[in-house]
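Heads up, the thing below is written out as structure tokens.
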Amino acid sequence: MHPAPSVIIFTTFSGLGFGLLAWMGLGIPDVGGMTLLAFFVIAYVLAAGGLLASTFHLGNKKNAIYAFSQWRTSWLSREGVASVVTLLLFGLIALAQIFMGAEMAFSGVIGSVLALVTVFTTSMIYTQLKTISRWNQPLTPVLFLLHAIAGGALLAGEVKIAGVLLAALAVVMWLHWQQGDARAANRGTLGDATGLGHLGEVRMFESGHTARNYVLDEMVYRVGRKHAQKLRMIALGAGAVLPAAILLLTPAGHATAFIALALHLAGAIVGRWLFFAEAEHVVGLYYGK
Amino acid sequence: MTALPSKTDKKLGLVIDLDTCVGCHGCVTACKGWNTQNYGAPLSDQDAYGADPSGTFLNRVFSYEAQQSGCASQTVHMPRSCLHCEDAPCVTVCPTGASYKREEDGIVLVNEDRCIGCGLCAWSCPYGARELDREAGVMKKCTLCVDRIYNENLPEEDRVPACVRTCPSGARHFGDLGDPDSDVSKLVADRGGFDLMPDLGTKPVNKYLPPRPKDQLDTAPLDTVADEPKGFLGWLDKALDKL
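First to last, the protein sequences are chains A and C. Start counting the first sequence at 51; every next residue gets the next number (this note's numbering). Start counting the second sequence at 5; every next residue gets the next number (this note's numbering).
Below is the structure:
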């Protein structure tokens with residue numbers, strides 16, 4: 051699949067922002083006043099900024115308002131509704147906590163659940179696609195949720211919890227690749243896709259188009275597959291293993307937390323690029339790819 | 005609404021005969037022509053006369069070779085366009101309600117006044133049947149020529165999709181696949197029409213008719229007629245060896 055920068059920024063940063071909000075709803079970090087305001091600003095810039103980025107690749111932005119209408123059937127629409135509801139609720143919580151000193155414990159918990167629901171709906175946009183068997187597996191939502199709450203814990207300053215969650219993330223990343231490889235290998239053949247397998251071995255004689263087209267550009271993107279193994283090691287090492295080791299094995303401090311966060315962000319972006327770039331769409335079979 | 009209708013009154017669709025199709029791309033051209041001048045945004049081209057041309061098409065013909073080991077290969081031309089699936093994933097994933105399946109005839113259409121061009125419907129389609137128009141920024145797909153088949157301003161013989169009307173080899177058929185007594189349904193029953201990628205659960209309405217069994221000609225390379233030259237050639241062979 052074509053790894054559009056807008057979608058990578060959207061899933062990575064909005065996931066991180068909603069992950070931070072999920073912790074803040076539970077009263078973590080336990081701060082108030084201007085410090086709390088700063089945390090809310092960071093969470094909103096990440097979450098809302100990511101959502102805005104996701105609109106950059108739209109072909110026809112003027113109809114964007116309709117995207118909130120089909121929540122009964124569409125995960126993308128549910129994602130839009132959940133994110134707006136979550137951000138509105140946390141807006142009210144932030145006002146009450148910062149300027150009125152209110153506790154907001156109950157609505158905070160609801161906000162936390164909604165933040166996680168939002169990340170889940172984001173993951174389901176990809177998980178639901180039967181055409182991309184690498185994504186169509188139960189671990190995809192787990193991967194997205196762990197990214198969000200581990201990154202969120204890191205931002206919230208809960209370094210030991212973040213360390214444990216990042217270690218869990220490393221395991222899930224690895225399992226997701228193993229499962230994904232097995233699923234992608236079972237996509238079938240050109241003979242299966244064309245229904246001509248009974249005639250013998252099927253190969254492409256001539257493509258339907260001599261030039262590139264939207265389907266090839268978008269769904270038969272193969273650049274990522276060449277260096278997939280190396281990029282996986284970078285994503286796993288920088289995104290999860292190294293920051294987990296730093297957080298769990300060194301004394302807590304701002305410097306180590308900052309290094310762990312920088313590593314995690316870089317690794318998460320590489321991992322998310324690869325998530326799209328190495329995904330094989332079943333339509334590639336018709337091109338013999 | 006992007007919920008799929010529980011059932012449609014008709015199941016209009018195409019039956020494509022892979023035995024008869026000669027791969028002339030006439031249907032591709034007729035489709036591009038009609039759908040550029042009629043329903044919705046035109047099918048644009050980018051850099052049409054330049055070094056890197058590309059464009060939007062709703063129907064494309066792929067050619068494949070199938071070969072049993074030791075036999076001659078067989079060429080099969082396979083036109084591909086939207087299959088107007090009963091369980092169309094492209095409809096339910098749409099966030100705006102632009103993508104819909106009509107209850108009256110089962111045609112899957114895009115309401116371009118609602119489409120945001122996110123491309124998720126194209127991702128959900130196993131058949132590569134949807135292309136985002138680079139000029140208009142909206143998703144384009146086969147409309148089954150909805151603006152021809154009910155168009156009373158056209159002569160009756162023209163009230164079929166442009167690809168069917170133009171096909172010179174009679175490889176494309178249009179009709180109601182929900183009616184077991186229709187010509188297309190009988191054709192599918194007679195010829196063993198099949199679905200593309202049925203395991204993905206999309207329940208395509210369009211059917212493909214498999215190529216008829218072919219004679220296997222003995223086209224293996226001829227055996228060597230003579231290993232050892234005899235007579236005059238034999239003498240010449242020996243004489244040349246001695247030189």
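Where a beta carbon is used, it is the ideal one built from N, C-alpha and C, also for glycine. In this text the structure is predicted, and so the values were computed from the model without any measurement.
Residue nearest to C86/C in terms of C-alpha spacing, selected from V164/C, V112/C, A52/C and V80/C: V112/C
field: Helix, strand or coil at F61/C according to DSSP, with G and I counted as helix
entry: coil
query: Is the beta carbon of C149/C sitting closer than 8 Å to the one on W38/C?
result: yes
- prompt: Around the C-beta of E330/A, are 16 or more other C-beta atoms found within 10 angstroms, so that it is buried, or is it exposed?
  reply: buried
Chain-order list of residues whose beta-carbon lies under 6 Å from that of C119/C (same chain, five-residue window excluded): A102, V142 and M143
- prompt: Taking Cβ-Cβ distances below 8 Å as the criterion, which residues of the segment 55-71 of chain C are in contact with chain A?
  reply: D56, P57, S58, G59, T60, F61, R64, V65, F66, S67, Y68, E69, A70 and Q71
query: Using the C-alpha atoms, what's the distance from A316/A back to A166/C?
result: 52 Å
task: Indicate whether at least one CB of chain C lies closer than 8 Å to the CB of F255/A.
output: yes
message: Can you give me the C-alpha to C-alpha distance between G202/A and C31/C, rounded to a whole angstrom?
response: 54 Å
query: Can at least three beta-carbon pairs, one atom from the segment 34-54 of chain C and one from the segment 159-175 of chain C, be found at a separation below 8 Å?
result: yes
- prompt: For the alpha helix (DSSP H) that D267/A lies in, which residues bound it at each end?
  reply: Y264 to M269
- prompt: For G179/C, does the three-state DSSP call read helix, strand or coil?
  reply: strand
message: Let me check understanding here. Comparing Cα to Cα, which of V57/A, A72/A and G338/A lies closest to L204/A?
response: A72/A
query: If we cut at 8 Å on Cβ distances, does N263/A have a partner in chain C?
result: yes
- request: Starting from G44/C, trace the beta strand (DSSP E) both ways and give me its first and last residue.
  value: Element bounds for G44/C: n/a, residue is neither H nor E.
- request: Per DSSP, which residues does M41/A bridge with? Please list them.
  value: Outside the displayed range of chain A (51 to 339) lies residue 41/A, so it cannot be described from this structure.
query: Taking only beta-carbon atoms, is V273/A less than 8 Å away from chain C?
result: no
- request: Compare the C-alpha of L299/A against each of V209/A, A318/A and R282/A and name the closest.
  value: V209/A
message: Residues in the same chain with beta-carbon distance under 8 Å from H107/A, minus the five sequence neighbours each way, listed in chain order, please.
response: A54, S56 and V57
- request: Taking F326/A as the reference, give the member of S162/A, S173/A and G69/A with the closest Cα.
  value: S173/A
message: Under 8 Å, Cβ to Cβ, is there at least one residue of chain C near H259/A?
response: yes
- prompt: Would the beta-carbon of S58/C fall within 8 Å of that of A261/A?
  reply: yes
query: Taking 8 Å as the CB-CB limit, is C89/C close to chain A?
result: no
- request: Go through its chain and collect everything with a Cβ distance to A285/A's Cβ below 8 Å, but skip five positions before and after it.
  value: M223, G317, A318, V320, G321 and L324
task: Kindly indicate if chain C contains any beta-carbon less than 8 Å away from that of Y94/A.
output: no
query: For A140/C, which of K207/C, D117/C and C146/C has the nearest alpha-carbon?
result: D117/C
Whole runs of the alpha helix (DSSP H) within the segment 71-141 of chain A, excluding any shorter than 4 residues: 83-104
query: Roughly how many whole angstroms lie between the Cα atoms of N210/C and G179/C?
result: 10 Å
query: What residue from R233/A, I199/A and K180/A has the CA that sits closest to G213/A's CA?
result: I199/A
message: If you reduce the DSSP assignment to three classes, tell me which class R84/C lands in.
response: strand
- prompt: Can you tell me whether S119/A is buried or exposed, with buried defined as 16 or more other CB within 10 angstroms of its CB?
  reply: buried
message: Considering only the alpha carbon of each residue, which of A76/C, M82/C and S10/C lies closest to G241/A?
response: M82/C
- request: Have a look at the DSSP bridge pairing and note the partners of T79/C.
  value: E69/C
message: For C129/C and C98/C, what's the separation of their Cα atoms in angstroms?
response: 12 Å
query: Under 8 Å between the Cβ atoms of L281/A and S162/A?
result: no
query: By Cβ distance below 6 Å, which residues in the same chain neighbour K339/A in space, the five residues on each side in sequence not counted?
result: V270
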